[in-house]
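In what follows, a structure is listed as structure tokens, so that the remarks can point back to it.
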Amino acid sequence: MKQTSNPRLRNSQRSTSRFNAFKLCKYLVYIVLFSLSYFYGYMKGRTSGEEEAAQVYAAKQKSEENRKNADEKCFSTTELNNLINEKVAEKLEMNTLKKIPNPGKDENRSGGLEVPSWIQTWSKVSKKDFLDTHDYGTPRDHNGDFGDVLLLYNSDPEKFEKGVHITAADATRSCKELNTVIVPSEPMTCTAILQGYPSYQLQRWMKDVKGRERNQLVHVGRGLQRNGMEKFAPPTEGQTVSHWKKLIPYLSNLDALVNDLKPKLTKIARDNTIVVAVVNLGQSSLLMNFVCNARSKGLDISNLFVFATDEETLRLCNAMGLSCYYDEVNFKELPTTEARHYGDRIFTNMMWAKVIVVQVVNFMGFDVLFQDVDVVWHKDPIPLLKHGEEYQQFDMMFQDDGARSLRYAPYCANSGFYFIRYNDRTRFFFTNVLYSGDFIVKSSSHQQALTA
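Residue numbering for the sequence shown follows this note's numbering, beginning at -5 and increasing consecutively.
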């Protein structure tokens, strides 16, 4: 470097050299400190990693040791699954079934009857005793009231007396509600009883019905028979429209009919009861037979009111000194001859007349004893039907038809002789029968409409 003779310039060059040396030393210090810090961190991390690896290895060894101990002391996986399944099945069975001893000497030999858990106990009662105690109007079996009734309880009743049977009164003493189900006696008939929302209807499934899928239970209506015939088939559209055409003149003329009939019926009513009959000219000889028979026995038929469906029968009826009425609006198109056989067109048309007369008399507030004209009395039936102690619980009482066919179940009510007490229930009932005229035509009898 070239020396200068200027003193200030030489001092400045020396200061610059010292400053550069200081900066170099500073950078060296930084490098050393960074190197030391990096080395320290590297060594510490390596030590921690080794310690962590050692801990993981130790935990793994411990887990392996525990697993081996568990295998020695516990079930295998297969055995454990089997045990769980057994316990679950046992719990489900406990919740579904329970063994209930028979409360009598006639105990099940297996030690009890397995039933659903909602059934607390059960009893057995004589069928005759049960129906005598709880008579709800169903007809009795033709072969007698043999056999037993099974009663199921969903809560513990009072203690029963020991014995094969207990009385119906004892069996139902603690019941706040009694639901009765009658099942058919045909072979291979199964009955399912379950607890749930009440339906008050018997649901039917049938198998091997003609025209239906075989070997499979199919849900069916109450009127289906095994031969495939449907006894409760709905009316056709034409039958319904035809019935509406009959209803129009009846309902339109109802006020005038009531105003005309009410004073006549009030005049002859005995104990507020009217004996009602419907007759055309073809059946008039049967009416004469009834009247002559009753008068020969001195029976009171002063409350007999005859609805004649043609003018010839009206004149004959008046000649016998009876109370008679001809409704030209509703009867003018009815036949005058007798039916040739059950269910023919004449028979069905006369059924409509029988529906009208009972409905209107009952509607006016009278008790009604309706009878066909082929009936004769041995005694006056009204006192027994109206005031008999055993009949006070019934609103309607029908002659037993005798036939136990499916179409008339469950009451087998015969419409040739029946008694009706006037109240809101019977008024509503016979108004509904009035509106069911299309079904009467479809089934060829209003007996079926009574229980439809």
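A virtual CB, placed ideally from N, CA and C, is assigned to each residue, including glycine.
(request) Enumerate in chain order the residues of its own chain whose CB-to-CB distance from serine 347 is below 8 angstroms, with the five nearest sequence positions on each side excluded. (result) Looking up residue 347 in the sequence shown gives position 353. Sequence check: residue 347 is alanine here, not serine. Excluding sequence neighbours, alanine 347 sits near Val272, Phe301, Thr303, Asn324, Phe325, Leu328.
(message) I want to know whether the region 258 to 269 touches the region 288 to 299 - three or more CB-CB distances under 8 angstroms.
(response) Three or more beta-carbon pairs separated by less than 8 angstroms link the region 258 to 269 to the region 288 to 299, which places the two stretches in contact.
(message) Please tell me whether threonine 307 and leucine 275 are closer than 8 angstroms, where the distance is taken between their beta carbons.
(response) Here residue 307 is taken as the residue at index 313 of the sequence shown, counted from 1. Here residue 275 is taken as the residue at index 281 of the sequence shown, counted from 1. Yes, Cβ-Cβ distance for threonine 307 and leucine 275 is below 8 angstroms.
(message) Let's test the definition: count the other Cβ atoms within 10 Å of the Cβ of isoleucine 414 and tell me whether it reaches 16, buried, or not, exposed.
(response) Start at 1 with the first residue of the sequence shown, and residue 414 comes out as number 420. Isoleucine 414 comes out buried.
(request) With a 10 Å radius around its C-beta and 16 neighbouring C-beta atoms as the bar for buried, classify asparagine 89 as buried or exposed. (result) As a working note, residue 89 is residue 95 in the sequence shown. At asparagine 89 the pLDDT is 47, less than 50, meaning the model places this residue with poor confidence and gives no usable figure here.
(message) Let me check understanding here. Comparing Cα to Cα, which of Val367, Phe360, Gly396, Thr445 lies closest to lysine 380?
(response) As a working note, residue 380 is residue 386 in the sequence shown. Measuring from the Cα of lysine 380, the nearest candidate turns out to be Phe360.
(message) Measuring only the C-alpha atoms, how far is leucine 400 from glycine 217?
(response) Here residue 400 is taken as the residue at index 406 of the sequence shown, counted from 1. Here residue 217 is taken as the residue at index 223 of the sequence shown, counted from 1. If I take the Cα positions, the gap works out to 7 angstroms.
(request) Could you name the residues of the same chain whose beta carbon sits closer than 6 angstroms to that of threonine 330, not counting the 5 residues immediately before and after it, in chain order? (result) Within the sequence shown, residue 330 is the residue found at index 336, counting from 1. Cβ within range, chain order: Asn274, Leu275, Asp304.
(message) Would lysine 201 and leucine 211 qualify as a contact pair, given that the criterion is a beta-carbon distance under 8 angstroms?
(response) Residue mapping note: residue 201 aligns to position 207 of the sequence shown, counting from 1. Residue mapping note: residue 211 aligns to position 217 of the sequence shown, counting from 1. Yes, Cβ-Cβ distance for lysine 201 and leucine 211 is below 8 angstroms.
(message) Is it the case that the region 425 to 440 contacts the region 383 to 397, given that we only count it when at least three CB pairs across the two stretches are under 8 angstroms?
(response) Counting Cβ pairs under 8 angstroms, fewer than three are found: no touch.
(message) If I follow the unbroken beta strand (DSSP E) through isoleucine 414, where does it start and stop?
(response) For this step, residue 414 is matched to residue 420 along the sequence shown. Looking at the DSSP string, the run of the beta strand (DSSP E) that includes isoleucine 414 is 407 to 414.
(request) Assign glutamine 277 to one of three DSSP states: helix, strand, or coil. (result) For this step, residue 277 is matched to residue 283 along the sequence shown. Reduced to three states, the DSSP call for glutamine 277 is helix.
(request) Check whether the Cβ atoms of proline 181 and cysteine 406 lie closer than 8 angstroms to each other. (result) On the sequence shown, residue 181 is found 187 positions in, with the first residue counted as 1. On the sequence shown, residue 406 is found 412 positions in, with the first residue counted as 1. No; because the gap between Cβ atoms is not below 8 angstroms, this pair is not in contact.
(request) Check isoleucine 268 in the structure and name its three-state DSSP category. (result) Taking the first residue of the sequence shown as position 1, residue 268 is located at position 274. Strand, per DSSP.
(request) Return the CA-CA distance between valine 369 and lysine 170, expressed in angstroms with no decimal places. (result) Position 375 of the sequence shown, counting from 1, holds the residue named residue 369. Position 176 of the sequence shown, counting from 1, holds the residue named residue 170. Valine 369 and lysine 170: Cα-Cα distance of roughly 42 angstroms.
(message) Is it buried or exposed, lysine 436, if we count other Cβ atoms within 10 angstroms and call 16 or more buried?
(response) To locate residue 436, count along the sequence shown from 1; it is residue 442. Label assigned to lysine 436: buried.
(request) Per DSSP, which residues does tyrosine 319 bridge with? Please list them. (result) To locate residue 319, count along the sequence shown from 1; it is residue 325. Beta-bridge pairing links tyrosine 319 to Phe301.
(message) I believe valine 252 touches valine 349 by the beta-carbon criterion, under 8 angstroms. Please report the beta-carbon distance rounded to the nearest angstrom.
(response) Position 258 of the sequence shown, counting from 1, holds the residue named residue 252. Position 355 of the sequence shown, counting from 1, holds the residue named residue 349. With a Cβ gap of about 16 angstroms, valine 252 and valine 349 do not count as contacting.
(request) Pull up the CB-CB distance for glutamine 441 and aspartate 395, whole angstroms please, since I reckon it's below 8 angstroms. (result) If you number the sequence shown from 1, residue 441 lands on position 447. If you number the sequence shown from 1, residue 395 lands on position 401. About 7 angstroms; that satisfies the 8 angstroms criterion.
(message) Which of the three DSSP states is assigned to lysine 99 in this structure?
(response) For the purposes of this step, residue 99 is taken as residue 105 along the sequence shown, with counting starting at 1. Confidence is the limiting factor: at lysine 99 the pLDDT is only 43, short of 50, which leaves the residue's position unreliable, though a coordinate-based value still follows. Coil, per DSSP.
(request) On a CA-only basis, which of Val214, Val351, Pro404 is nearest glycine 222? Give me that one, please. (result) Taking the first residue of the sequence shown as position 1, residue 222 is located at position 228. Comparing Cα-Cα distances from glycine 222 to each of Val214, Val351, Pro404, the minimum goes to Val214.
(request) Answer with buried or exposed for serine 372, where buried requires no fewer than 16 other C-beta atoms within 10 angstroms of its C-beta. (result) Reading the sequence shown from its first residue, position 378 is the one you call residue 372. Just to set this straight, residue 372 is histidine in the shown sequence, not serine. Its Cβ having fewer than 16 others within 10 Å, histidine 372 is exposed.
(request) Label phenylalanine 299 either buried or exposed according to how many other C-beta atoms from any shown protein chain fall within 10 Å of its C-beta, with 16 as the threshold for buried. (result) Numbered from 1 along the sequence shown, position 305 holds the residue referred to as residue 299. Phenylalanine 299 comes out buried.
(message) Going by C-alpha to C-alpha distance, which of Phe140, Ser278, Tyr147 sits closest to threonine 115?
(response) Your numbering for residue 115 matches position 121 in the sequence shown. For threonine 115, the nearest C-alpha among the options comes from Tyr147.
(message) Does tryptophan 116 come out as helix, strand or coil in the three-state DSSP assignment?
(response) For the purposes of this step, residue 116 is taken as the residue at position 122 of the sequence shown. Correct three-state label for tryptophan 116: strand.
(request) Give the straight-line distance between the Cα atoms of leucine 144 and serine 117, rounded to the nearest whole angstrom. (result) Taking the sequence shown and counting its residues from 1, the one referred to as residue 144 is at position 150. Taking the sequence shown and counting its residues from 1, the one referred to as residue 117 is at position 123. Each residue's Cα considered, the two are about 6 angstroms apart.
(message) Assuming valine 214 is part of the beta strand (DSSP E), what are its boundary residues?
(response) Your numbering for residue 214 matches position 220 in the sequence shown. Taken as a continuous stretch (DSSP letters only), the beta strand (DSSP E) holding valine 214 covers 212 to 214.
(message) Report the start-end ranges of each alpha helix (DSSP H) in the region 122 to 202 that is 4 residues or longer and not cut off at the edges.
(response) 162 to 165
(request) Count the other C-beta atoms from every protein chain shown that fall within 10 angstroms of the C-beta of leucine 444, then say buried if there are 16 or more, exposed otherwise. (result) Mapped onto the sequence shown, residue 444 falls at position 450. Burial call: buried.
(message) Is it buried or exposed, phenylalanine 140, if we count other Cβ atoms within 10 angstroms and call 16 or more buried?
(response) Stepping through the sequence shown from its first residue, residue 140 is reached at position 146. With fewer than 16 other Cβ atoms within 10 Å, it is exposed.
(message) Using C-beta distances below 8 angstroms, list every residue in its chain close to asparagine 356, excluding the 5 sequence neighbours before and after it, in chain order.
(response) Taking the sequence shown and counting its residues from 1, one reaches residue 356 at position 362. Result list for asparagine 356: Val362, Ile414, Tyr416, Thr420, Arg421, Phe424, in chain order.
(request) Leaving out five residues on either side along the sequence, give the residues of the same chain with a beta carbon under 7 angstroms from the beta carbon of lysine 240. (result) Residue mapping note: residue 240 aligns to position 246 of the sequence shown, counting from 1. So the list reads Trp346, Gly431, once near-sequence residues are dropped.
(message) If I measure Cβ to Cβ from asparagine 287 and keep anything under 8 angstroms in the same chain, skipping five residues before and after, which residues do I get?
(response) What you label residue 287 is simply residue 293 of the sequence shown in a count that begins at 1. Result list for asparagine 287: Val370, Trp371, in chain order.
(request) Indicate the three-state DSSP secondary structure (helix, strand or coil) for tyrosine 429 in the structure shown. (result) Within the sequence shown, the letter at position 435 stands for residue 429. Three-state DSSP puts tyrosine 429 in coil, outside helix and strand.
(message) Spatial neighbours of histidine 128 within its chain, please: C-beta separation below 8 angstroms, excluding the five flanking residues on both sides.
(response) Here residue 128 refers to the residue found at position 134 of the sequence shown. The residues are Ala162, Thr166, Leu172, Thr174.
(message) Excluding the 5 residues flanking tyrosine 320 on each side, which residues of the same chain have their C-beta closer than 7 angstroms to its C-beta?
(response) Translated into the one-based positions of the sequence shown, residue 320 becomes position 326. So the list reads Ala302, Glu305, Leu308, once near-sequence residues are dropped.
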